[in-house]
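I have placed the structure first, in the form of structure tokens, so that the comments after it can refer back to it.
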Amino acid sequence: MSVAHQAASDAVGSAVSALASGLAGALRDGGGGFSLRAFADAAGEPAGALGAVRGLGADALAPFLLAGCPFTTADAAVVRAAAAAFPAPPPEEEDGALWAARDAALVRVLAALGVEADGWEGLGEARVGSEPEEGPGAGTAGEWPAFSAALAKLAPLALPPVTGPVRRAAADRRLDVGRGLVRAMLRRDHLTAARLARWLALDPRPGTAPGTVPGTVPRAGAGAAPESVPSLGTVLDHIAALASGRPRVLFELAVARRLLTGGNG
Amino acid sequence: MTIDAATVRLAQQVTDRALAWLSRMRSCFALPRGVDDHEVRGEALKALSELALAVALLRRAAVAGPDSARSAQELLDFAWREFREGELLYELQCYTPAATYPVEIYGEFVTAGYRHRKLEELALHLDGLRAARFTEQVPNRRLGVLAARRRLGLPDPPDLGEQIRRTWLGGMPEPWMLDASNAYGVTHTVFHLTDWGADPAGLPEELQEYLACWLPVWVEVFAETRTWDLLGEFLMVDMCLTRPRFYPRVWERFAAAQRADGMMPNGVTRPPDDPARAFLNHHHPTIVAVVAGTLTVARALDPALHGPDRIPA
Numbered sequence: 020m021s022v023a024h025q026a027a028s029d030a031v032g033s034a035v036s037a038l039a040s041g042l043a044g045a046l047r048d049g050g051g052g053f054s055l056r057a058f059a060d061a062a063g064e065p066a067g068a069l070g071a072v073r074g075l076g077a078d079a080l081a082p083f084l085l086a087g088c089p090f091t092t093a094d095a096a097v098v099r100a101a102a103a104a105f106p107a108p109p110p111e112e113e114d115g116a117l118w119a120a121r122d123a124a125l126v127r128v129l130a131a132l133g134v135e136a137d138g139w140e141g142l143g144e145a146r147v148g149s150e151p152e153e154g155p156g157a158g159t160a161g162e163w164p165a166f167s168a169a170l171a172k173l174a175p176l177a178l179p180p181v182t183g184p185v186r187r188a189a190a191d192r193r194l195d196v197g198r199g200l201v202r203a204m205l206r207r208d209h210l211t212a213a214r215l216a217r218w219l220a221l222d223p224r225p226g227t228a229p230g231t232v233p234g235t236v237p238r239a240g241a242g243a244a245p246e247s248v249p250s251l252g253t254v255l256d257h258i259a260a261l262a263s264g265r266p267r268v269l270f271e272l273a274v275a276r277r278l279l280t281g282g283n284g
Numbered sequence: 029m030t031i032d033a034a035t036v037r038l039a040q041q042v043t044d045r046a047l048a049w050l051s052r053m054r055s056c057f058a059l060p061r062g063v064d065d066h067e068v069r070g071e072a073l074k075a076l077s078e079l080a081l082a083v084a085l086l087r088r089a090a091v092a093g094p095d096s097a098r099s100a101q102e103l104l105d106f107a108w109r110e111f112r113e114g115e116l117l118y119e120l121q122c123y124t125p126a127a128t129y130p131v132e133i134y135g136e137f138v139t140a141g142y143r144h145r146k147l148e149e150l151a152l153h154l155d156g157l158r159a160a161r162f163t164e165q166v167p168n169r170r171l172g173v174l175a176a177r178r179r180l181g182l183p184d185p186p187d188l189g190e191q192i193r194r195t196w197l198g199g200m201p202e203p204w205m206l207d208a209s210n211a212y213g214v215t216h217t218v219f220h221l222t223d224w225g226a227d228p229a230g231l232p233e234e235l236q237e238y239l240a241c242w243l244p245v246w247v248e249v250f251a252e253t254r255t256w257d258l259l260g261e262f263l264m265v266d267m268c269l270t271r272p273r274f275y276p277r278v279w280e281r282f283a284a285a286q287r288a289d290g291m292m293p294n295g296v297t298r299p300p301d302d303p304a305r306a307f308l309n310h311h312h313p314t315i316v317a318v319v320a321g322t323l324t325v326a327r328a329l330d331p332a333l334h335g336p337d338r339i340p341a
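Chains P and S supply the protein sequences, listed in that same order. Counting in this note's numbering, the first sequence runs from 20 upward without gaps. Counting in this note's numbering, the second sequence runs from 29 upward without gaps.
As structure tokens, then:
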């Protein structure tokens, strides 16, 4: 992390919470009331607001993508300024691969919103049209504990326009994602649990009921009553009940709910 | 996946060391002298019966080396003598006819061939009473009572399936709702239904599938939180399934937690240096370590597991 990053980190921390709350509210309520420009203008600390937009990456665009909020050139300018103010670390640094993957997702979502971000200053190794790659440490291989932990860090990639190996791995290994979710719940790590629930909400397995938690559905003829089968909706309700007042968690839950109900509502 | 030979050696070593500690601590398992039978504390009966269970299972598995086999036999004889060859259990059953624990304890000895005729006659009589069908117990404990009846040759009741469904495990709840209390309920539901791994098919297939999904998570979490007592019980549960996984990396952590003297700490309270004081809170995980290791070695040698595709990757 650079000196500039460090100096801004306190302001960024509170701005991230404020932005996450705003995003979660916009996702919940839908409609047109949310704007990144307005968020940045309202912030007491401009660097903090830009840091929050940079830190949330593609997630900062979720209401425009999923809840019908209109995305304006002024909003795009805020994202661009944030990338320039907080450039991604070079690929060889720790987290370099993670940043590259998250910035590739950002570029993909911007493209889906009609904005060409090719050549923007500060983006990590991202190219329009490229798929977010699994890099060293991004870890879409390995056993379920490492896999699910890596996947949680890549939660901003869990958005409909973003395709690639990470998403394919998440779709192929739903039981492992579910195991990571349960482990996180037992560790009271509700943020990781919510992020993994979001991955499960992204690509329901064909032929199964949407929003099913893998591994919890008894086979036909098994003895469990239907009400004993936890749905992904139950998971989201449960996390929400335990994590009230935690904007980052509530944001992930709001994204997951939008994904479950089909997005553009 | 083949069964990892290193895991089996580790399991054997954990058992041998834990058993040696239990042998050295034998006097701590002795029941108090000069006390009326019905005034012996439940904790003392429980500890002694758990010791008896562990060594009876070790004897049943017949996979121990000569030293451990001899220690196990000596401990089993010791426990039987402490229960006055069943007479104490009989007296306790007479004193409190509605209690289920004397026969539950006795069942462990029956498996090992130790019998007490009067207690069995009394147990059969009590089992015929209407009261026996209406004992209020938590559902997994109820399965323990049924397991003890089975050892006396009594058939399962027709509503066994319903009784299984009343347990926490039988309800297949949201797996993140597991806590320490119902974790012990899960392990004992499995132990009682499979006769401690002798009959994996005794656990209904849907519960096998549920555990195939979530046991890996619970094992991981209890290893991370160093909850050795519960972790050992969950490693035992794995050995009771039709498709065990053996968890080689978890076994390494479990074995590393064992003290040099063979005691397995519970991972919750700090063991005092004095073994006699450590006994109070740490004899149970050490007993668990004996059984977990024993069942693991026995299962690794089970020919049924060595066909192609029997062990999941």
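No residue lacks a Cβ here, since even glycine has one placed at the ideal position from N, Cα and C.
- Going along chain P, which residues have a C-beta under 7 angstroms from S:W256? Residues of chain P passing the Cβ test: none, with the nearest at roughly 17 angstroms.
- Item | As assigned by DSSP and simplified to three states, the class of S:R271 | For S:R271, the three-state secondary structure derived from DSSP is coil.
- Item | S:E233 versus S:R273 - alpha carbon distance | S:E233 and S:R273 have their C-alpha atoms roughly 16 angstroms apart.
- Query: What distance in whole Å lies between the Cβ atoms of S:T195 and S:T163, which are believed to be in contact at a cut-off of 8 angstroms?
  - Reply: Their Cβ separation, rounded to whole angstroms, is 16 angstroms, which puts S:T163 and S:T195 out of contact at 8 angstroms.
- What number of angstroms, rounded off, separates the C-alpha of P:R47 from the C-alpha of S:P293? Roughly 49 angstroms separates the two Cα atoms.
- Query: If you drop the 5 nearest sequence neighbours on each side, which residues of the same chain put their C-beta closer than 6 angstroms to that of P:A79?
  - Reply: Correct list, in chain order: V72.
- Message: Going by DSSP, what residue range makes up the alpha helix (DSSP H) through S:V249?
- Response: Taken as a continuous stretch (DSSP letters only), the alpha helix (DSSP H) holding S:V249 covers E233 to E252.
- Query: Can we say the segment 46-64 of chain S touches the segment 113-128 of chain P, given the rule of at least three CB pairs closer than 8 angstroms?
  - Reply: Because the criterion of three Cβ pairs below 8 angstroms is not met, the segment 46-64 of chain S and the segment 113-128 of chain P do not touch.
- Compare the C-beta of P:L205 with all C-beta atoms of chain S and state if any pair is closer than 7 angstroms. At least one C-beta of chain S is nearer than 7 angstroms to the C-beta of P:L205.
- Message: Using a Cβ-Cβ cutoff of 8 angstroms, what residues of the segment 161-195 of chain P are near chain S? List them in chain order.
- Response: Of all residues in the segment 161-195 of chain P, W163, P164 and L194 have a Cβ within less than 8 angstroms of some Cβ in chain S.
- Message: Is it buried or exposed, S:H66, if we count other Cβ atoms within 10 angstroms and call 16 or more buried?
- Response: Counting Cβ neighbours within 10 Å, S:H66 comes out exposed, since fewer than 16 surround it.
- Item | Start-end ranges of the alpha helix (DSSP H) lying completely within the segment 89-152 of chain P, minimum 4 residues | As far as the segment 89-152 of chain P is concerned, its whole alpha helix (DSSP H) runs of at least 4 residues are 92-104 and 115-131.
- Task: Alpha carbon to alpha carbon, how far is P:G161 from P:D29? Give it in angstroms, no decimals.
- Result: Those two C-alpha atoms are separated by around 35 angstroms.
- Amino acids of chain S, ordered along the chain, whose beta-carbon sits closer than 7 angstroms to that of P:R267: Near P:R267 there are no residues of chain S at all, since even the closest Cβ is about 19 angstroms away, more than 7 angstroms.
- Message: Given this structure, state the Cα-to-Cα distance separating S:V36 from S:L171, to the nearest angstrom.
- Response: Inter-residue distance for S:V36 and S:L171 is about 30 angstroms (C-alpha atoms, whole angstroms).
- Task: Work out the CA separation of S:G295 and P:A93 for me, nearest whole Å.
- Result: Distance between the alpha carbons of P:A93 and S:G295 is about 56 angstroms.
- Message: Just checking: is the beta-carbon of P:R202 within a distance shorter than 7 angstroms of some beta-carbon in chain S?
- Response: Output row for P:R202: interface = yes.
- Distance, S:R45 Cα to S:R98 Cα: Answer to the nearest angstrom: the Cα atoms are 14 angstroms apart.
- Message: Between the segment 241-249 of chain S and the segment 280-288 of chain S, can you find at least three pairs of beta-carbon atoms closer than 8 angstroms?
- Response: Counting Cβ pairs under 8 angstroms, fewer than three are found: no touch.
- Message: Are the CB atoms of S:L85 and S:V319 within a distance shorter than 7 angstroms?
- Response: Cβ distance < 7 angstroms, so S:V319 and S:L85 count as in contact.
- Query: Buried or exposed: where does P:P89 fall if 16 or more other Cβ atoms within 10 Å of its Cβ makes it buried?
  - Reply: By the neighbour-count definition (other C-beta atoms within 10 Å, threshold 16), P:P89 is an exposed residue.
- Within 10 angstroms of the Cβ of S:P185, are there 16 or more other Cβ atoms? Answer buried if so, exposed if not. Under this definition S:P185 is an exposed residue.
- Item | Contacting residues, own chain, Cβ-Cβ under 7 angstroms from S:E237 (five flanking each side not counted) | Scanning its chain for C-beta atoms nearer than 7 angstroms, with the 5 sequence neighbours on each side dropped, one finds no residue around S:E237.
- If you check the beta carbons only, do P:V181 and P:R127 fall under 7 angstroms apart? Between P:V181 and P:R127, the C-beta spacing is below 7 angstroms.
- Got a sec: is the Cβ-Cβ distance from P:R127 to anything in chain S below 7 angstroms? It does not: the Cβ of P:R127 has no partner Cβ on chain S nearer than 7 angstroms.
- Is it right to say S:L258 is buried, meaning 16 or more other beta carbons lie within 10 angstroms of its own, or is it exposed? With 16 or more other Cβ atoms within 10 Å, it is buried.
- Message: Using only CA atoms, which one of S:M291, S:D207 and S:G230 lies nearest to S:F250?
- Response: Here the closest residue by C-alpha is S:D207.
- Please say whether P:L170 and P:A189 have beta carbons closer to each other than 7 angstroms? Taking C-beta atoms as the reference points, P:A189 and P:L170 count as a pair closer than 7 angstroms.
- With 16 other Cβ atoms within 10 Å as the buried cut-off, status of P:N283: For P:N283, the pLDDT reaches just 47, beneath the cut-off of 50, and the residue's location in the model is therefore unreliable, leaving the point undetermined.
- Looking only at C-alpha atoms, which of P:A61, P:A100, P:A62 and P:L269 sits nearest to P:A39? Here the closest residue by C-alpha is P:L269.
- Could you round the C-beta distance between P:R214 and P:A259 to whole angstroms and report it? I think they count as a contact, below 8 angstroms. With a beta-carbon spacing of about 14 angstroms, P:R214 and P:A259 fall beyond the 8 angstroms limit used to define contacts.
- For S:H334, the nearest candidate out of S:L174, S:R287 and S:R271 (CA to CA): Nearest in C-alpha terms to S:H334, of all of S:L174, S:R287 and S:R271, is S:R271.
- Task: Less than 8 angstroms between the CB atoms is what I'm expecting for P:H193 and S:V245, so what's the real figure, rounded?
- Result: The question names His, but residue 193 of chain P in the sequence shown is Arg. With a contact defined as Cβ atoms closer than 8 angstroms, P:R193 and S:V245 miss out at about 14 angstroms.
- Under 8 angstroms by Cβ, that's how I've got P:P65 and P:A59 pegged, so tell me the actual separation to the nearest angstrom. Contact between P:P65 and P:A59 is confirmed by a C-beta separation of about 7 angstroms, below the 8 angstroms threshold.
- Message: Is it buried or exposed, S:D302, if we count other Cβ atoms within 10 angstroms and call 16 or more buried?
- Response: Exposed, since its Cβ has fewer than 16 Cβ neighbours within 10 Å.
- Message: So S:W204 contacts chain P; which residues on that side make the cut at Cβ distance below 7 angstroms?
- Response: Simply V201, M204 and L205.
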